[in-house]
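Note that the sequence shown covers residues 39 to 188 in this note's numbering.
All C-beta atoms in this analysis are idealised placements derived from N, C-alpha and C, irrespective of residue type, glycine included.
All values reported here derive from a predicted model rather than from experimental measurement.
Written out below as structure tokens is the structure these notes cover.
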Amino acid sequence: MRAVIQRVEHASVTIDGQVKSAINQGFLILLGICEEDTEEDVEWLVKKISMLRVFDDENGVMNCDIHSIDGEILVISQFTLFASYKKGNRPSWFRAARHEISVPLYEKFCIKLSEALGKPVGTGVFGAEMKVELLNDGPVTICMDTKNKE
39 MRAVIQRVEH ASVTIDGQVK SAINQGFLIL LGICEEDTEE DVEWLVKKIS
89 MLRVFDDENG VMNCDIHSID GEILVISQFT LFASYKKGNR PSWFRAARHE
139 ISVPLYEKFC IKLSEALGKP VGTGVFGAEM KVELLNDGPV TICMDTKNKE
């Protein structure tokens, strides 16, 4: 799994002109799932994200996690995070997981993250054409890959 985690002041996802989900301060997470991913990857990534200390404390130091600021999370599926661009100029998506693998893992990730956060996380619609808006705070953007745990 690959995640691009952006610290945001606010974020939203719109589908067919309707806002599906919107959050205030917290994380916008773009999540890519590949064929080799498992529930173990879900567990590891949820734990890392839920304890990620990138929010400012009273001294302006990034020392607080999402719980400390009572933050919110918006998760958007993003198969393009597994783009292969080595050959030619048109990316290939062969590493991105098929729907029968990616949909259950995406849903499990959202459920587990919601449990870790203690409140629902916002989502888009898997496979839909989405418009994502955000105000990146910092900017702070962290990339995580469950295949690079070390």
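Any chain D beta carbon closer than 8 Å to residue i
i	result
F164	In the structure shown, chain D does not exist; there is a single protein chain.
Span of the beta strand (DSSP E), counted from its first residue to its last, around residue i
i	result
S65	According to the sequence provided, residue 65 is Phe. The question's Ser does not apply to it. From DSSP, the beta strand (DSSP E) with F65 extends over G64 to G70.
Identity of the residues DSSP links to residue i by a beta bridge
i	result
I107	DSSP lists no partner for I107.
G160	L112
R40	G70 and D183
Start and end residues, alpha helix (DSSP H) containing residue i
i	result
D54	D54 -> no alpha helix (DSSP H), and no H or E assigned at all.
L83	E77 to S88
Test item: CB-CB of residue i and residue j under 8 Å
i	j	result
R45	N127	no
M168	A41	no
D79	M39	yes
Beta strand (DSSP E) segments (min. 3 residues) lying fully within the stretch 93 to 142: 100 to 102 and 110 to 115
Runs of beta strand (DSSP E) lying entirely within the stretch 162 to 186, each at least 3 residues, in chain order: 169 to 183
Any 3 or more C-beta pairs closer than 8 Å across the stretch 111 to 129 and the stretch 64 to 75: yes
Inter-stretch contact (C-beta, 8 Å, three-pair minimum) for the stretch 78 to 97 and the stretch 117 to 135: no
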